[in-house]
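Data first, discussion second: the structure below is written as structure tokens.
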Ligand code: AGP
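Residue numbers (the working numbering): -8 to 581.
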């Protein structure tokens, strides 16, 4: 949620900053901007739109200078317009700031400057260059001014500041939002995501909560909140798995859906002993709570069924944004399992921090290595699906499911069996993808003008109905609801009318017979039934055929056609499924 990058060194800054922004764009894409310092002073270019469109309008390469900061925005405070785009400046146009996070007390701080400072935007961020300006006017250096500023602001932040009064220098600070620095041959970088570092940025260090740093082309030094110099170890940069291009696919979403048979096989590359140890932790815990958001939460709901059905261990799933309201019942005998693709979702981070405060043990199931979540959790499972670029989660979901199968089976000493079963399923997945893609595309074409879709299922498949509906909303902007099929008659049935699509996830398992009744109830009201099943029934208006698998493994095969349906509906409505409006891949604000 907003990506920031800074560079100071021997090379022209703007092209390096722009290149890094292309790798950060998944964090926000409603507007973008770059500020550089040259002999002429501070120059800024910023505009609304995708990064490539902003560049076409502004031509970032016209910015001169060897120090620069850049930003891709996901709006929190203030409309999406060029004025609210970052970087933001002080009154004299000498100081520029890019920021990820929310300064919660910005209005109160702005009040102090009434009549003294001129604010141009509606953003919380704009307070930062003005606070820095104020401290510098009192004789403080840029770094002293940033340290003083961090003492006044509340909220979450990762920000970078430059001033034409001290060219070559970038000062940054962080609290609760990701930020790290790297040293390469050509100079120093700071960014939200190590994936944005250019090749050759060999030494890196994480900026810890409350720290402030100063970067020059040759050196980066750190200060604690009291302003004391810190000794900091730089580690040798291991590199981030390259985010490959789209290959033969038009969109990352379709590529990532298609990758699932392969990525699923990567999920099972795990240490058996580690899983045995984790299984003991889960079984021993007085209570187990899983916390996550969005798609990761639906994976957690499948996990809850698995723990109960396979290992007879009850656990609860709490949406991370609601976790704080349950923290009274979390204690040292609780195991909190956090699930997150990005490992930096603010709501999840907040939940895990609260759990730790209560003395609970924390286990995270994460995709991004070295993410903030991996660094604060007691134990970490990596889901190994590689970089997921499309905002809509697909392959990370199936790998999260795989981890829950491994955990549940480990709880009954059957880790190896789970590995074998998941490996077998990966082949079934290939079939379902190759066999159904074109048919689903035809259904999407028929239904592209519908306004509402309902997804129903029972038992372990209920979470898949919810995830299918989320995918559809996210990428096609069609209203969709996923629910337990038995719940339909308790209210939502009132909305089923002639031709309303009802996607029924009804594999040939313990839920099939009751699903038939629920489909009949919907059909009797005119609903158009799209059955996702390995078993035919004349009640279907459209039948999306899946492969038969063992009962509790159906979620791994039923989700694939639902991902495809969402993708094709988005495309048939002319939407870009990789960058849905209003969303971002990494949600780093609460
Ligand atoms: C999924 O398609 C969404 N982009 C979203 O719901 C996402 O799953 C959620 O924001 C949680 O993200 P995380 O897994 O990175 O924590």
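Virtual Cβ for every residue (Gly too), placed ideally from N, Cα, C.
- Spatial neighbours of residue 354 in its own chain (CB-CB distance under 6 Å, excluding positions within 5 residues in sequence) are listed in chain order as 328 and 370.
- One residue list follows from the rule of a beta carbon closer than 6 Å to any heavy atom of the ligand AGP, given in chain order as 284, 285, 286, 287, 331, 332, 333, 336, 339, 382, 383, 384, 465 and 578.
- Ranked by how close their Cα comes to the Cα of residue 241, the residues 575, 570 and 574 have 570 in first place.
- When the beta-carbon positions are compared, residue 449 and residue 487 stay at least 7 Å from each other.
- Taking residue 561 as reference, the option from 525, 447, 441 and 505 with the minimal CA-CA separation is 441.
- Shown here, residue 260 sits in coil according to DSSP, grouped into three states, outside any helix or strand.
- In the three-state reduction of the DSSP assignment, residue 49 falls in the helix class, which pools H, G and I.
- Between the alpha carbons of residue 460 and residue 266 lies a distance of about 32 Å.
- Residue 445 has 472 and 493 as its beta-bridge partners, per DSSP.
- Taking residue 52 as the centre and dropping the five residues before and after it, the same chain places the C-beta of 5 and 6 closer than 7 Å to its C-beta, in chain order.
- In this structure, the CA atom of residue 510 is about 10 Å from the CA atom of residue 479.
- In this structure, the CA atom of residue 80 is about 10 Å from the CA atom of residue 26.
- Taking 7 Å as the cut-off, the beta carbon of residue 101 is found no closer than this to the beta carbon of residue 577.
- When C-beta atoms of the region 187 to 197 are compared with those of the region 156 to 164, fewer than three pairs fall below 8 Å, so the two segments do not count as touching.
- Going by C-alpha positions, residue 377 is about 7 Å away from residue 358.
- Taking the Cβ atoms as the reference, residue 495 lies roughly 7 Å from residue 523, within the contact range of under 8 Å.
- Selection 302, 341 and 24 evaluated against residue 316 yields 341 as nearest (Cα-Cα).
- The region 399 to 409 makes no contact with the region 383 to 391; the number of CB pairs closer than 8 Å stays below 3.
- Residue 222 sits in coil when the DSSP states are folded into three classes, being neither helix nor strand.
- About 41 Å separates the Cβ atoms of residue 386 and residue 222, ruling out a contact at the 8 Å cut-off.
- Judged by their CB atoms, residue 28 and residue 155 are nearer to each other than the 7 Å cut-off.
- Taking a 10 Å sphere around the C-beta of residue 295, we find 16 or more other C-beta atoms and assign the residue as buried.
- DSSP lists 494 and 533 as the bridge partner or partners of residue 521.
- Each residue's CA atom was taken as its position, placing residue 513 and residue 264 some 48 Å apart.
- Residue pairing from DSSP places residue 214 in a beta bridge opposite 203 and 220.
- For residue 321, the secondary structure class from DSSP, reduced to helix, strand or coil, is coil.
- In this structure, residue 1 and residue 208 form a Cβ contact; the two beta carbons are roughly 6 Å apart against a cut-off of 8 Å.
- Secondary structure remark: continuous beta strand (DSSP E) runs of at least 3 residues inside the region 353 to 391, in chain order: 370 to 373.
- For residue 60, the uninterrupted beta strand (DSSP E) run begins and ends at 58 to 64, by DSSP.
- The beta strand (DSSP E) runs lying completely inside the region 276 to 324 and spanning 3 residues or more are 278 to 283 and 307 to 310, given in chain order.
- Taken through DSSP and simplified to helix, strand or coil, residue 13 comes out as helix.
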